[in-house]
Each structure stands twice: as C-alpha cells, then as structure tokens.
Amino acid sequence: MGTERTKIITHIATARSWLAANSRWVLILTLILALIFPFSVKTYILSLGIEVLIFAIFAMSLDLLLGYTGLPSLGHAAFFGLGAYILAYVSSNSELALGLTDNLLITLPIVILGTALSAVILGFLALRTSGVFFLMITLAFAQMLFSIAIRWSSVTGGSDGMTGVPRPTLGIGTWHLSFTDRADFYYLVLAFFCITWFLLRYIVRSPFGLALRGIHANEQRMRGLGYNTFRYKFTAFIVSGVIAGIAGMLLSQYFWHAVPHNLFWNMSGQALIMVVVGGPGTLTGPVIGATLMRLLPNFASTYTELSETLMGLVLILFVLLAPGGIFGIFHKKR
Amino acid sequence: MTKEKPAGFNRRELLQATATVAAGYTAVPLLAACSSSDARPAKIGVLLPYSGIYAVLGESITEGIRMYLDEIGNQSGGRRIEIITEDSQMMPDVAQQKARKLVEQDEVDFVAGIVSTGVLYGLRDYFDSAKKLLICANAGGNKISRELRTPYIWRTSFSNWQPNWPLGDWAYKNVAQKVFMSAPDYGAGHNMVDAFANSFQALGGQILGMQFTPFPTMGDPAPFITEIQGLDPPMVFCFYSGASAVSFVQSYGEFGLTDNIPLVCAGFTVEEDVLPAQGTAALGALSSLHWSLLIDNPINKRFTAAYKNRTGKDANVFAVQGYDTGRVIAELLIAVQGDTSDVNRMIDYLAGISFDSPRGPFNLDSQSQNPSQHIYVRRVDEVDGALHNVVIEDLGAFTDPGDNSLG
Amino acid sequence: METLVIQTLNGLVFSMLLFVMAAGLSLIFGQMDVINLAHGSFYLLGGYIGFTMIRQYENYWLALIIAPVIVGTIGFIIEYAILRRIYGRHHHLNQVLFTFGLALVAADLIRWNWGSYVITVAAPPQLQGQVPFLGIQFPVYRLAVITFGLTIGAILWIGIERTRIGMILRAGVSDAKLLSGFGVNIQLVFSGVFAMGTALAALAGVIGAPIHSLYPGLDFEILILTLAVVVVGGLGTLKGAFLGSLLIGMADTFGKTFLPEFALFLIFAVMASVLILRPSGLWGLRGQR
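These protein sequence lines are chains A, B and C, in that order.
Our numbering applies: residue 1 is where the first sequence begins, and numbers increase by one.
Our numbering applies: residue 335 is where the second sequence begins, and numbers increase by one.
Our numbering applies: residue 742 is where the third sequence begins, and numbers increase by one.
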C-alpha cells in the first residue's frame, strides 16, 4: 500500500514538473487540436465542443470572482441570462423582439454595454456584503431577474422564452462573414474563448490581478496598505459580469433561444461546481471543470437516472479530498 | 369519417395483425432477403424528463409508447422498431443537446416525447433546421400549432386551447354565468385561462376576477384560497398540474370550499396522476379533457386493463398520449412501407393518419398539426372505493383553430 | 377587512412552519459557521419518513417524534464522520459546497426510494375539519401549526436561556475555542448541535406535510425560503429566526394577496434590501465577516 502511494505521488510530481517545463508546447498543441477539431469529429461531438467552450467562458468569468478575488457568487447566472436576453431582444425575429440585426459589430457592443451597466448596479449593491452574505445577495438578485423574465412576458416571452434567435454574422459594407454553419460557429466561439483566456491571463498577472489575490488572502491588510479594495472588487465584478454576458450571448445564438432557465439559481450552482471541481484560482481549472460537468451528466443520464447523485458525489469528493480541484492535483499550490 | 368504421377490427388493424403473425413466421428469411436499408431497425428517440418533478409524466408516456410497440411485436412497415430514451431534465439547453445526440449520433428516424412547452419551443428551431420529425407527446403550448408551426413538429397530445374552449361554453350553460379564475403565471396557465374565457364571455359570461399565481413554485396556496373564499363566486375555474394541482385542490378542500363552490378545471388539475393524492378534496370537481379512465369504449377498456396489468397502476392521460404516439409512428411506418429516408413524404402521410384511440376517434389535423379529438366533461366521483373521473358528457370533436382568433 | 385578518392568520401559519426550519439552520450557523444547504433535504426526508411511519402505524404523533430522531441521528453521523474535517476559516466555502453536494445526492436518493408522485399526508384525526371564524371556515390543523411553532420556540428559548447546555451553546456562539479551554468537549457540542438542527428540519417536515404535501423539488423550494428568513432575521440567534420568519411569512402571504404574480420577486427583493442595508440581518449577531 505504502509503496503504491509513493508511486502515485511520484507520478503526479513527474507530471507536474513536465507540465511546468513544457507549458508553452502544451498550449500550442491544445490550440492546434482545437483548430482541427471540427474536421476530426462527428457533428454531435462538435456540438458538445461548442457547449463546453461556452460554459468554459462562463466558468472562467466566475473564477475571476471566486478563485482570484474570493467572492463566492451564487447568482452569476444573472449576467449569463442577461447576455442571452439582451442579444435575443436585439436580434430575434420573434414578434416580441426588435429584430434589428444579427451583426456582431452591433450586437456585441450592446450586450457588453447592457451587462456592464447591470454589473455596475448589482456590483455596487452586492459588494457591501462578503462571505456567505455575498452568496445570498447574488442569489437574491439572480432570482429577482428570473422572476422578471417570467413575469414580463411582453418583452421576454415569459416562461416560453424568446425563440428565433439567429446565428450571428460579422460584416462591414460588402465584407461579410456568416456563422450559421455549426463548424463556423464553433470557430467563432473558439475565438471568443481564446480572447477571454488571454485577457483573463493578462488581468490576473497584472498588478491589478495581484491586488485581487491580495484581497482574497487578506482584505484588511490590503486596506491597511492603502488599497481601495472596493474599487478593485467592483472592477473585477464588472469584468466578470461582462464576460459571463458574452457567454450567455453565445449560448442564445447557439441554441436559437433565450429562456428563463438561463437565469435560474441552478445555472449559477452549476458554474460554481465547475470552478470548484476544476480548480479555483486558475484559468485552466474552470475549463476542465466545465468540460467535466457538462459532459459527465450528459453521458451519465443516458445510463442512469441518478445523474444528480453523480454530480453531488463528484462535488463532495473534490471538496473533501482535493480542495484545489483537478487542476490543483497537477499543480503545486501557490 | 372515423365514425363509419365497423365495430370490430378495422382494415388497418386487421392488416397489422396479419402482418405481425406473418412477420413472426417469415422474419428470418425476410431479413436475409431484404436490402440492407430495410433491415436496419427504425429508431425512435424518446426525449422525456425522467428526473425531477415531471418524472411521473415521463415514465407514463414511455410506458404508453412501449406498450403499443409491444402489442405490435415491435415492428411495423417491415422494420423492427427500437427505442432510445434520453432524460431531458426539463431544461431547454440539455434537451436540445440530447436531441442532437439522438438525431446525429444515434441517427434515429423520429424523436418523440417532450413534456414541457418551454422545452418544446426551445427545440423548435433545431428540428426546423435539421429537417427531422419531432412527435410531441405532451407539451400543449398553443404557439406550436399557430405562429411557431413548422412542418417537422407534429403533436399527438393536445393544444392548451383544446379542452378549455369547449368547457367555457359548457360551464356557462350548465354551472354558472359568473366565474373566478386561477392559474399559474406561465404560458400554459395563460393559454388555458384565455381559451375558457373566450367562449365563456362570448355567451355573456362574466369574469369576477383572476389570480395568476407564482411560477414555477406556488408555495402555500392558502392566501389564494382565502381570496376566493372572501369573494364567494358561484364557480371557480382553475388550471394546475403536478404538485401545485395537489396543493391547490387540497387547500380548496381544507378550507371547506369543495362542498360550496363548484370547481371547474382543465382536466390535468384532477387527472389520475394527482387524484389519489388529492383525495376527497377533489370530489365533485368538473373538468374537461380529451380522455378519461372511464370512457366507455372497447379500445379504452382493453387499454386501461392492459396498462394496469403491465404497470400495476391506473392509466393516465399521459400514458394514452404515449400509446397513441407509438401508434402514429407505427401507422406512419406502414404508410411509407418502412422507408423513412424522405421526410417530406412522411409529412404528407402524417396528415392523413386517423384511428380509434382509447380517447375515441383520433385524426391528425393537417392545418394545426395537432389531433382533432373529442373533448369530455368529467366529474370526480367515487367508483369502487377509489376516486376517478366519470364522463358526464361527450362534447364532440374539436380542432385547434390554428390561429389566435378563439383565445 | 375580515379577509385581511384571515390572511394574517395564513401568514402566521406559514411563518411558524418557516420558524421551525429557520431555528435549525440558524442554530447550526451560530455554533459552527456552516450554512447548511442540505437543510431543505432534511425537511423533505423528515416528511417522507413521517409519511411512512403514519402509513405503517397510523399514528401521527409517533411520526412527529420518530422522524426527527432518525434524521437527527443521520445528521449526527454526517457531522461526526465528514463535516468536522472541513471546519475552519479557509474552508468556509467548502462547507457550503459540501452541503450543496449532499443536497443533490439526497434529492435523488429520496426520489429513488419514495418515487416522484406527489404524496399527501392526512392531518391527525383530532385536528381535522374546520372551525368557523369571521364568517369563514378555517382549518383546525393550520391553527395547530401556529401552536406547534410557538411551543417549539418556547422550548428552544428555555433550553438556550435557562439551562446548562444552553449556557454552553451561548458561550460557543461567541467563542468556541475559549469553551474548549474550560474542558467542554466542543466536538461533541458541534455534533449535537448539527443533529439538533437537522432534527428540527425533520420536525418541520412532519408538521408541514399535511399542508404542503411531499414531492421531489420541495427540498429546494423550502430551502430558499428558509435562507431568506435567516438572512433577513440574521444568522445565529433564535430571535432573528423568529422575527425573520414572521417577516418572510407575512411578505409571502400578503405578496400573494395583493401582487400574486410578484410574490416570489417580493421575497427576494426583501432579502436583497435587508442585505444591502444591514448585511448581517436585522437581528443577527454583530461583527459578522
């Protein structure tokens, strides 16, 4: 038993140092694999790939709050759903919506502006609390939006949601790209994923990101050092909200609809599980988490009706045995 | 048309029975002789909730489908029939991914199922773009027969309008001329209330008030019941389903309203899946639906007995919808002689399908892509020591108007 | 006017049910700093066990005692075997996530065992029927629920304020470490408190069953309302749980009366407003982080 255990530990250690030494090559290889992905798999697997990427963006955005800043939100679906609804309202061909355009050059700025504005309001109010109370207030805000989505049916389509959301296009004048085709849409999502990843990597390595980690470790000390911690947390909240909104936008374009479920607490809970299982405080962690938590129940529910149990057990095991998540097993703690 | 059928076997049933027997004897040589495409089984992807609050509906519908397919030996139109089930988890995003799996990975010929309207609408654009057939076995949102209609989605269940519009008319003539209305604040709730109100008001009926209760969770219904009690209307119309149907009707009895204010409701409110839990609080409730356990026709008698024998439970309307879904698919396979390659050809044949169902004559209407079917008024009574919906009147056949002109 | 009085009564019934739930949740938080997201699952489990007992022995009162004992024992085992491994400041989120995982597992297992049909539980024969009140008929059982709630509240209050165990508990709220310095087995206190809290949830489950029935999904429905109560009232105090229950119970009832479609919105709006204005609740412990 003892030797087995040492063996495993040595293996993990070897994997760790190998990953650390070759991280650049791993990154390039992953990117190449991601680029040729649509040519090498069946259409259904491609659709799972799109779904995973969208949720990975969503989970990464939450990790900026949870893993880096130490703000556990149980209402992150608020921005995810808002992004979906704003996009749907602007571009859906349903009679409730404006149906203006599907051109990303117009819709994307509107989604960013809309989610940023709501993040400013909600963040300003929610950041008066911390710890479990932050968990509760974000939950309350998201559930309020959920109620509004169901109630305000003349704008949102009520419980039926808004259908007829088109896949996006991109174009100025005569130059024009369409992402109607699934493979094309995959590349668009991949592009958004890469931008998000590099942007967040830049942010968390910048002095701003280091300050966020400082706040996570000890907010009082950071305040003592003269940091206006509220401003840091507020900015992180807005950035995180906007990225979640973009993920929501992509989701509604992918599924052709925006529905109240996008705002529901259980969507927030899912994102939270993704981050925790994958590895909070890292960027790769939430991506692994999103992959696992979207694919596992998907496959499991084909074979068992106890897929929730499986999700719950996975969560419990990680909390108890590997609080650093999957990524944490292979990476030494900071 | 359907009423002209002779009492015994109709032609199609006879053909089918013959085919079943013949298939049994000739299956082996036939399979060997068939071209490879015909030997491939016809696959039905069944997409239903098997977890969460609507699991009962998912299970009942699945049992219904399986039961019909077992009756015909799991083969039709020269093809063996296979079922692949997937859990929609009542979530539109999960359901759409599962639909993709069934259509693209498992390469099913049809997808059937769908309990909630939200999920149905969420799937609409996928089936429309994939050009695959979706046979909806429950979700009743009016829009799918109206503004969201697509050639690729057909319904074997009902539209929310269907049972309630005739009920408004009947209730005005037989119960009271004034009504108080109560329903959950979501798509189906509004559909049902609007349909009832449309015909009720057309006769001069007066609506004393409406309450739309919180969705998806109603919580304690006591405040709503107290409001009704305070107003003391001569009649209450309501629609609830699942857990909220039990809470609402139970509180209705708890506050002593059952014996004093007639409860008229959309049939789902007191259907067999919730009636045992509601108990005597539901006694006397009047409701309309396209089926009742106690409809007196030979097919229903045989169906309900066989279902009870198979599952140990009384059948419910969802099981009937599943049973008829199995039948529609089997009939379609016969009509196209097992060739499912051309979806447009299948759609042409779908429009003509009609047969005698446990619910009575069943006709797939080509305009609303929804069955034209009889609506029954039922009353909750004690029958042989248990509560059931006794049919008190057959209102005749109704077809969804296909637009919003009648509510 | 009469309707308003009746609605107040309805609000009181609902408040008392929430209070029994919230008292358990708040008790656990006060001692161990754990937000137990599986609290709704213990409610549902208690209700279902109660249902089984009533069907077996046709005795509601027996169920009212046995179900909390069984669920309390389960709570004790969970705390003793697992939860105590993840105490401490840095594990705060981990505790929440652990109980969330527990809730997911419990929901499936309960459905697996008792099925997904809605189950109703009859009120005990002594408490069936209605009494005339202000011109309408009011259910006797609902009046009994008010009595149950007040009785349990009184017992808890005496237990905490007037007994030696209560003194240990009160000391534990302010400083658990200090307590162990006086030779109190703090681990045992924690296990006991967790068992007590879960038993209260199960008790609420049995009391609530004749009103709310039992069905999958009720666990999270009731959990969210209970969270609203403790957040509004403030965590860790019996007074906060009591007054918070009254506030949320009344907000729910009168929200349903006057703005039925916005009833759910209203609960969350109250919850958010209190958190914004007084982040540690209206009657909560001071100095929360």
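Heads up, the beta-carbon is just placed ideally off N, CA and C, and yes, glycines get one too.
Using a C-beta to C-beta distance shorter than 8 Å, which residues of chain C count as neighbours of residue i?
{"i": "residue 147 of chain A", "result": "1003, 1005, 1006, 1009"}
Taking the Cβ atom as the reference point for each residue, do residue i and residue j lie within a distance shorter than 7 Å?
{"i": "residue 56 of chain A", "j": "residue 204 of chain A", "result": "no"}
{"i": "residue 475 of chain B", "j": "residue 381 of chain B", "result": "no"}
{"i": "residue 970 of chain C", "j": "residue 759 of chain C", "result": "yes"}
{"i": "residue 946 of chain C", "j": "residue 801 of chain C", "result": "no"}
{"i": "residue 571 of chain B", "j": "residue 530 of chain B", "result": "yes"}
{"i": "residue 425 of chain B", "j": "residue 383 of chain B", "result": "no"}
{"i": "residue 813 of chain C", "j": "residue 982 of chain C", "result": "no"}
{"i": "residue 397 of chain B", "j": "residue 653 of chain B", "result": "yes"}
{"i": "residue 911 of chain C", "j": "residue 754 of chain C", "result": "no"}
{"i": "residue 257 of chain A", "j": "residue 163 of chain A", "result": "yes"}
{"i": "residue 444 of chain B", "j": "residue 663 of chain B", "result": "yes"}
{"i": "residue 611 of chain B", "j": "residue 859 of chain C", "result": "yes"}
{"i": "residue 327 of chain A", "j": "residue 282 of chain A", "result": "yes"}
{"i": "residue 551 of chain B", "j": "residue 748 of chain C", "result": "no"}
So, helix, strand or coil for residue i, using DSSP?
{"i": "residue 540 of chain B", "result": "strand"}
{"i": "residue 18 of chain A", "result": "helix"}
{"i": "residue 723 of chain B", "result": "strand"}
{"i": "residue 361 of chain B", "result": "The pLDDT assigned to residue 361 of chain B is 46, lower than 50, so where the model puts this residue is not dependable, and the model offers no usable value."}
{"i": "residue 512 of chain B", "result": "strand"}
{"i": "residue 701 of chain B", "result": "coil"}
{"i": "residue 76 of chain A", "result": "coil"}
{"i": "residue 517 of chain B", "result": "strand"}
{"i": "residue 547 of chain B", "result": "strand"}
{"i": "residue 734 of chain B", "result": "coil"}
{"i": "residue 160 of chain A", "result": "helix"}
{"i": "residue 622 of chain B", "result": "strand"}
{"i": "residue 12 of chain A", "result": "helix"}
{"i": "residue 761 of chain C", "result": "helix"}
{"i": "residue 368 of chain B", "result": "Residue confidence is low: residue 368 of chain B scores 44 on pLDDT, short of 50, so the model does not pin down where it sits. Its coordinate-derived value is still stated next. Of the three classes helix, strand and coil, the one that applies to residue 368 of chain B here is coil, per DSSP."}
{"i": "residue 103 of chain A", "result": "strand"}
{"i": "residue 695 of chain B", "result": "strand"}
Could you please give the first and the last residue of the uninterrupted beta strand (DSSP E) stretch that includes residue i?
{"i": "residue 708 of chain B", "result": "704–717"}
{"i": "residue 420 of chain B", "result": "413–421"}
{"i": "residue 340 of chain A", "result": "Lying before the first or after the last residue shown, residue 340 of chain A is absent from chain A, which here runs from 1 to 334."}
{"i": "residue 377 of chain B", "result": "376–382"}
{"i": "residue 1023 of chain C", "result": "That residue, residue 1023 of chain C, is in no beta strand (DSSP E); it is neither H nor E in DSSP."}
Taking the alpha helix (DSSP H) that residue i falls in, what are its first and last residues?
{"i": "residue 507 of chain B", "result": "495–508"}
{"i": "residue 318 of chain A", "result": "307–321"}
{"i": "residue 837 of chain C", "result": "833–855"}
{"i": "residue 588 of chain B", "result": "576–588"}
{"i": "residue 1014 of chain C", "result": "1004–1018"}
{"i": "residue 896 of chain C", "result": "881–903"}
So with CB distances below 8 Å, who are the chain A contacts of residue i?
{"i": "residue 493 of chain B", "result": "Under the 8 Å cutoff, chain A gives no residues; its nearest Cβ is about 14 Å from residue 493 of chain B."}
{"i": "residue 957 of chain C", "result": "In chain order: nothing, as chain A lies at least about 10 Å away."}
List the residues of chain A that residue i touches, going by C-beta distances under 9 Å, in chain order.
{"i": "residue 578 of chain B", "result": "What residue 578 of chain B touches in chain A: nothing, since even the nearest Cβ is about 14 Å away."}
{"i": "residue 558 of chain B", "result": "By Cβ distance, chain A contributes nothing, its closest Cβ being about 17 Å from residue 558 of chain B, past 9 Å."}
{"i": "residue 842 of chain C", "result": "273, 311, 312, 313, 314, 315, 316, 317, 318, 319"}
{"i": "residue 995 of chain C", "result": "Under the 9 Å cutoff, chain A gives no residues; its nearest Cβ is about 17 Å from residue 995 of chain C."}
{"i": "residue 839 of chain C", "result": "315, 316, 319, 320"}
{"i": "residue 435 of chain B", "result": "44, 47, 48, 298, 302"}
Could you name the residues of chain C that residue i contacts, counting a contact when the two beta carbons are closer than 7 Å?
{"i": "residue 588 of chain B", "result": "880"}
{"i": "residue 323 of chain A", "result": "835"}
Run down chain A in chain order and give the residues with a C-beta less than 7 Å from the C-beta of residue i.
{"i": "residue 425 of chain B", "result": "261"}
Give the residues of chain B in contact with residue i, contact being defined as C-beta atoms less than 7 Å apart.
{"i": "residue 51 of chain A", "result": "431"}
{"i": "residue 308 of chain A", "result": "385"}
Given that residue i touches chain B, what residues does it touch there, using C-beta distances under 9 Å?
{"i": "residue 751 of chain C", "result": "554, 556, 557, 559, 560"}
message: Give me the subset of the region 395–415 of chain B whose CB atoms are less than 9 Å from a CB atom of chain A, sorted by chain position.
response: none
task: Taking only beta carbons into account, state which residues of the region 509–528 of chain B come closer than 7 Å to chain C, listed in chain order.
output: 519
- prompt: Going along the region 535–554 of chain B in order, which residues come within less than 7 Å of chain C, judged by CB to CB distance?
  reply: 545, 546, 547, 548, 551, 553, 554
Chain-ordered residues of the region 717–737 of chain B with a beta carbon less than 8 Å from chain C: none
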